[in-house]
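Numbering (my numbering), first residue to last: 105 to 397. Each residue gets a CB set at the ideal place from its N, CA and C atoms; glycine is no exception. What you are looking at is a predicted structure, and each value in this text was computed from that prediction instead of being measured. Single-structure report; data block below.
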């Protein structure tokens with residue numbers, strides 16, 4: 105408990121202002137999730153009429169019943185897990201060794217390579233050359249192509265490189281005196297000491313892969329390969345053109361708004377379950393990896 109008697113009037117005023125601002129920021133952050141959840145459990149008529157503000161109106165689970173009986177929903181859900189887990193593992197497979205190599209002073213051309221990688225954060229070939237490159241590599245409509253094509257992110261490499269550079273040189277010297285080579289130094293020294301930074305990058309990769317939409321929509325043509333986000337778009341298009349669904353909307357059981365909200369809720373749940381396990385490393389990883397001594 106805070107003892108207010110120990111603080112001056114100015115400190116008390118500052119603490120109150122900070123508390124109010126943090127509360128407002130928290131409310132602004134949480135409200136979209138609460139609103140979407142409320143929409144998903146409301147009737148279609150209430151959602152279309154704009155009656156839902158904070159809590160469900162005419163509570164129903166009809167929107168969830170609609171999506172859980174869609175075979176395509178479960179296929180796209182499975183595909184999203186494949187892209188997320190496989191893509192994250194592929195990213196770490198490239199990012200960790202790459203960041204380690206770029207953090208070593210003895211690497212030939214290290215300064216140029218670091219500059220070259222940082223350059224790609226602001227400039228790239230563009231959408232059409234990337235698509236043509238994927239086409240020429242026979243990676244169109246390929247699940248492996250989605251996993252491989254977006255495995256490396258320059259920001260993640262630089263973040264982890266900075267963390268590796270902050271590890272005292274004495275640890276590496278001690279390992280080399282015991283006969284360790286570069287792979288052993290990386291595996292037995294740097295990776296165990298870099299759990300916060302690696303956990304942070306893992307979270308970045310998970311969120312990026314889970315929310316992947318644009319390139320999956322462009323590169324994948326088979327319905328059996330699309331992720332959940334693309335399924336959501338297809339569902340919206342289908343419901344907009346479906347005459348039978350329009351009749352259902354008149355019956356107010358559910359609507360395009362409630363079905364969309366239900367899919368969004370289902371897509372958010374896995375990330376919300378994973379985040380608490382990684383959150384304890386998140387702040388430390390950002391601070392240590394973002395500051396270069």
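Put simply, the segment 312-320 does not touch the segment 167-179. Fewer than three CB pairs are less than 8 Å apart. When 203, 144, 193 are compared, the shortest CA-CA separation from residue 270 is found for 203. Less than 8 Å separates the beta-carbon of residue 332 from that of residue 371. Secondary structure at residue 243: coil, using DSSP grouped into helix, strand and coil.
Of the candidates 229, 379, 177, 177 places its Cα closest to the Cα of residue 328. With respect to the 8 Å criterion, residue 280 and residue 207 are not classified as neighbours on the basis of their beta carbons. The C-beta of residue 125 has fewer than 16 other C-beta atoms within 10 Å across all chains shown, which makes the residue exposed.
Burial of residue 187 is indicated by the presence of at least 16 other C-beta atoms within 10 angstroms of its C-beta. Secondary structure note for residue 138: its alpha helix (DSSP H) is the uninterrupted segment 113-144.
When the beta-carbon positions are compared, residue 339 and residue 369 stay at least 8 Å from each other. One Cα belongs to residue 119, the other to residue 146, and the distance between them is close to 39 Å. Look at residue 159 here: in three-state DSSP terms it is coil, with no helix or strand label. Between residue 236 and residue 244, the CB-CB gap reaches or exceeds 8 Å.
If you draw a straight line from the Cα of residue 161 to the Cα of residue 131, it comes to about 21 Å.
As the crow flies, the alpha-carbon of residue 274 is around 13 Å from that of residue 268. According to the DSSP assignment, residue 214 belongs to the alpha helix (DSSP H) that extends over 214-223. A straight-line Cα-Cα distance of about 29 Å links residue 283 and residue 263.
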